[in-house]
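J.: Handing you this structure, nothing more for now.
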Ligand SMILES: [Zn+2]
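Numbering (my numbering), first residue to last: 7 to 243.
Below you can see the structure in the form of structure tokens.
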């Protein structure tokens, strides 16, 4: 019942979003049928936010090996080129790679974005916490992140968002806008690291699935709004 209600609420904001089960069936099917990939030899990497609430979403694809965890706060692939290289070296012989990436945003039954009910908590909390914190800081136009060792990921995330600040502030729904901007940052970084590390791979094919994870209530399926599905031939990069 509740799941069905969420289905309506989520699709009002993200009309193309699919639930966890549909997402995995749809994209694993595409990999096998359209691209003839042997899914028994696929190593997965994820670049999603560290938040505990995202763990179930990365099990959409639990038939695959992994995951190699690339993401830190906000979902930015903080492991960088060294991480991409290590991942490349771990792929099964004659297999392929799969990278699942993107930011996340909570939604309540009332349709409020950026919020969710977490396990055993009465009040709604922020989701993504890192992005909602960044948003509250960027709303003050005198604010500038200061890089420091002890809050590296959050400061770096905020710094990466600065070029999108005006667009986010001008947007009707700032929580959604900062999430969309973060998707672009992650997508760009994943492509960049793939390109610079392509010689480290001993296989040719890398499947990318990027989009926005939408967190509903605890115990219910998350949704995924795919923005990019592509099977890249590394030889062509
Ligand atoms: Zn988060």
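Beta carbons: idealized from backbone N, C-alpha and C, even for Gly.
Would you say the beta carbon of residue 183 is closer than 7 Å to some non-hydrogen atom of ligand 1?
T.: Here residue 183 is taken as the residue at index 177 of the chain shown, counted from 1. No - ligand 1 has no heavy atom lying nearer than 7 Å to the Cβ of residue 183.
J.: When we look at the beta-carbon of residue 24 and count the other beta-carbons within 10 Å, is it buried (16 or more) or exposed?
T.: For the purposes of this step, residue 24 is taken as residue 18 along the chain shown, with counting starting at 1. Label assigned to residue 24: buried.
J.: Tell me the start and end of each unbroken beta strand (DSSP E) in the stretch 9-82 that is at least 3 residues and wholly inside, in chain order.
T.: Correct list: 48-53, 71-75.
J.: Whose C-alpha, out of 159, 218, 210, is nearest the C-alpha of residue 182?
T.: Residue 182 sits at position 176 when you count from the first residue of the chain shown. Selected option, being the one with the closest Cα: 218.
J.: Can you tell me where the beta strand (DSSP E) holding residue 103 begins and where it ends?
T.: Indexing the chain shown from 1 puts residue 103 at position 97. Where residue 103 is concerned, the enclosing beta strand (DSSP E) stretches over 102-107.
J.: Taking 7 Å as the cut-off, does the CB of residue 136 come closer than this to any heavy atom belonging to ligand 2?
T.: The model on display carries ligand 1 but not ligand 2.
J.: Taking the alpha-carbon positions, what's the residue 19 to residue 75 distance?
T.: Stepping through the chain shown from its first residue, residue 19 is reached at position 13. Stepping through the chain shown from its first residue, residue 75 is reached at position 69. Distance between the alpha carbons of residue 19 and residue 75 is about 28 Å.
J.: Rounded to a whole number of angstroms, what is the C-alpha to C-alpha distance between residue 163 and residue 86?
T.: Residue mapping note: residue 163 aligns to position 157 of the chain shown, counting from 1. Residue mapping note: residue 86 aligns to position 80 of the chain shown, counting from 1. Cα to Cα, the separation comes out at about 14 Å.
J.: Compute the distance between the beta-carbons of residue 38 and residue 226, then report whether it is under 8 Å.
T.: Reading the chain shown from its first residue, position 32 is the one you call residue 38. Reading the chain shown from its first residue, position 220 is the one you call residue 226. Their beta carbons are not under 8 Å apart, which means residue 38 does not touch residue 226 by this criterion.
J.: Does the pairing of the stretch 169-177 with the stretch 139-150 give three or more beta-carbon distances under 8 Å?
T.: Result yes; three or more Cβ-Cβ pairs closer than 8 Å.
J.: Quick check: is any heavy atom of ligand 1 less than 7 Å from the C-beta of residue 80?
T.: Numbered from its first residue, the chain shown carries residue 80 at position 74. Within the cutoff, so yes.
J.: Please report the distance separating the alpha-carbon of residue 214 from that of residue 154.
T.: As a working mapping, residue 214 is identified with position 208 in the chain shown. As a working mapping, residue 154 is identified with position 148 in the chain shown. Approximately 32 Å, taken between the alpha carbons.
J.: What does a CB cutoff of less than 7 Å around residue 125 pick up in its chain, not counting 5 residues either side in sequence?
T.: Translated into positions along the chain shown, residue 125 becomes position 119. So the qualifying residues of the chain are 224.
J.: Please classify residue 94: does DSSP put it in a helix, a strand, or coil?
T.: Numbered from its first residue, the chain shown carries residue 94 at position 88. DSSP places residue 94 in helix when its eight states are reduced to three.
J.: Less than 6 Å between C-beta atoms, sequence neighbours within five positions excluded: which residues of the same chain meet that for residue 117?
T.: Stepping through the chain shown from its first residue, residue 117 is reached at position 111. Counting only Cβ-Cβ distances below 6 Å, and skipping sequence neighbours, we find 15.
J.: Which residue spans inside the stretch 191-243 form an unbroken beta strand (DSSP E) run of at least 3?
T.: Segments of the beta strand (DSSP E) lying fully in the stretch 191-243: 211-221, 229-239.
J.: Work out the CA separation of residue 78 and residue 89 for me, nearest whole Å.
T.: One-based indexing of the chain shown puts residue 89 at position 83. One-based indexing of the chain shown puts residue 78 at position 72. One C-alpha to the other measures close to 12 Å.
J.: In the structure shown, what three-state DSSP assignment does residue 168 receive?
T.: Along the chain shown, one-based indexing puts residue 168 at 162. Helix at residue 168.
J.: Taking its Cβ as the centre, do 16 or more other Cβ atoms sit within 10 Å of residue 179, making it buried, or is it exposed?
T.: Along the chain shown, read from residue 1 onward, the residue named residue 179 stands at position 173. Exposed, since its Cβ has fewer than 16 Cβ neighbours within 10 Å.
J.: On a CA-only basis, which of 152, 175, 197 is nearest residue 187? Give me that one, please.
T.: Residue numbering aside, residue 187 sits at position 181 when the chain shown is read from its first letter. Minimum Cα distance to residue 187 is reached at 175.
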